[in-house]
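Going by the working numbering, 306 is the number at position 300 of the sequence shown; the sequence numbering is gapless.
Presented below is the structure to which this report refers.
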Amino acid sequence: MRILRHPRRPTAHAGVGEPALTIHAPAKLNLTLDVLGRRPDGFHELESLMVTAGWFDTLTFAPADDFALSVTGATGVPTDGSNLVSRAAAALAESAGRTVSGAITLHKRIPHDAGLGGGSSDAAAALLGLNELWGCGLSRIELSEIGATVGSDVPFFLAGSAAGVVRGRGERVEPIAAGPRRWAVLAKPPIGLSTAAVFAAWGGRASANGTARAAASYSGSLAGLAETTVNDLDGPATELEPRLAAERDAFALAGFSRSCLSGSGTSRFALCRSASAARSAAATLRRLRPGPVVAVPLAV
Ligand code: C5P
7 MRILRHPRRP
17 TAHAGVGEPA
27 LTIHAPAKLN
37 LTLDVLGRRP
47 DGFHELESLM
57 VTAGWFDTLT
67 FAPADDFALS
77 VTGATGVPTD
87 GSNLVSRAAA
97 ALAESAGRTV
107 SGAITLHKRI
117 PHDAGLGGGS
127 SDAAAALLGL
137 NELWGCGLSR
147 IELSEIGATV
157 GSDVPFFLAG
167 SAAGVVRGRG
177 ERVEPIAAGP
187 RRWAVLAKPP
197 IGLSTAAVFA
207 AWGGRASANG
217 TARAAASYSG
227 SLAGLAETTV
237 NDLDGPATEL
247 EPRLAAERDA
257 FALAGFSRSC
267 LSGSGTSRFA
277 LCRSASAARS
287 AAATLRRLRP
297 GPVVAVPLAV
């Protein structure tokens, strides 16, 4: 996630209302998700191989005396204090000992309730953008500590690495070197699940412990990596929402012997040999099932 600074037009006065920064906030996929146990704080101890995926929300930041968040591209997204962007802004302001200000426009493309980390990625972008706009001068590590109070996936997006093994609640990120360019086909059914409900349905079952194997396979062959994708929440999510079984069936019909839920769902993905293979699989999946399907590059 990079900050794009807008060059100031010579005739314009720098100041209130003029967009200063843009950040493209990617989605993430969990190539694996091991749930290792429930913690005393109610969260779950995780191990996950996470990669960014080329499906982006876009945030622009302009100086303003007050704070305003506007959302385009999707309906029903809250613009009040419950949006993770607003919560990130409030957390940063508190930590920096200042008031919240700035006009943020959030263009949504990443679906919510998808296990794609869209809200967390937006929050990470808000922390990066406002840190710059407000001149706070905090490091990514400091921003990450603030981000972890907003959402478990925020530190991954702030780590500055396109792939990493994530541990703890999600706040400990061990970056791993980018392997060869990989693609996935990714489908979001018109069904949502609450992350908390899926974790509660997990109920202490044994982990597939897939992350170490997947991390070792990450820079190897695609077939080897594809064999290691596994998500301990796949079973619990499908028990909560039996219609998700039809998603797995659709991937099988499209020729994928293995497909995997991302995060707590409800989106599902399969790894593909190339961009054209991912696009062709996306076209097949669009015919087989409802809801958006995209072909995305990984580790963007
Ligand atoms: O941190 P985040 O807001 O993404 O978490 C949403 C919910 O998912 C939490 O309230 C918790 O119920 C569950 N969760 C968990 N263990 C994690 C991450 C999330 O139990 N490591």
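For glycine and all other residues, C-beta sits at the position ideal for the given N, C-alpha and C.
1) Give a single yes or no on whether His118 has its beta carbon closer than 7 angstroms to a heavy atom of ligand 1.
2) Between Thr313 and the rest of its own chain, which residues show a CB-CB distance below 8 angstroms, the 5 nearest in sequence each way excluded?
3) Tell me the DSSP bridge mates of Ile197?
4) Comparing C-alpha positions only, which one of Lys34, Ala68, Arg45, Phe62 sits nearest to Arg14?
5) Do Pro161 and Ala154 come within 8 angstroms of each other at the CB atom, strictly closer than that value?
6) Taking C-alpha atoms, which residue in Lys114, Ala96, Gly124 lies nearest to Gly87?
7) So the alpha helix (DSSP H) Gly125 belongs to, where does it begin and stop?
8) Whole angstroms is fine: what's the gap from Leu112's alpha carbon to Gly23's?
9) Between the Cα of Leu134 and those of Ala74, Gly125, Ser145, spot the shortest distance and give me the residue it belongs to.
10) Using only the alpha-carbon positions, how far apart do Asn36 and Gly143 sit?
11) How about Ala129 and Val91: are their beta carbons less than 8 angstroms apart?
12) Taking the straight line between their C-alpha atoms, what separation do you get for Ala284 and Thr290?
13) Taking the alpha helix (DSSP H) that Pro161 falls in, what are its first and last residues?
14) Ignore the nearest five residues each way along the sequence and tell me which others in Leu149's own chain have a CB closer than 7 angstroms to its CB.
15) To which residues of the same chain is Arg187 closer than 8 angstroms at the C-beta, ignoring the five residues directly before and after it?
16) Would you call the stretch 263-280 in contact with the stretch 227-241, where contact means no fewer than 3 C-beta pairs closer than 8 angstroms?
17) Would you tell me roughly how many angstroms separate the C-alpha atoms of Ala109 and Gly123, rounded to the nearest one?
18) When the distance is taken between beta carbons, is Val191 closer than 8 angstroms to Val83?
19) Fully enclosed by the stretch 214-289, which beta strand (DSSP E) runs are 3 residues long or longer?
20) Less than 8 angstroms between the C-beta atoms of Thr217 and Ser54, yes or no?
If we stick to the structure as given:
1) No; taking the cut-off as 7 angstroms, the Cβ of His118 has no heavy atom of ligand 1 nearer than that.
2) A question about residue 313 goes unanswered here, because the residues of the chain that appear run from 7 up to 306.
3) According to DSSP, Ile197 bridges with nothing at all.
4) The option with the nearest alpha carbon to Arg14 is Ala68.
5) yes
6) Ala96
7) 124-139
8) 15 angstroms
9) Ser145
10) 31 angstroms
11) yes
12) 10 angstroms
13) Note, Pro161: alpha helix (DSSP H), 160-164.
14) Leu133, Leu134, Asn137, Leu164
15) Pro303, Leu304, Ala305
16) The answer is yes - the stretch 227-241 touches the stretch 263-280, with three or more Cβ pairs under 8 angstroms.
17) 23 angstroms
18) no
19) Annotation: the stretch 214-289 contains the following complete segments of the beta strand (DSSP E) (minimum length 3 residues), in chain order: 274-278.
20) Their beta carbons are under 8 angstroms apart, which means Thr217 touches Ser54 by this criterion.
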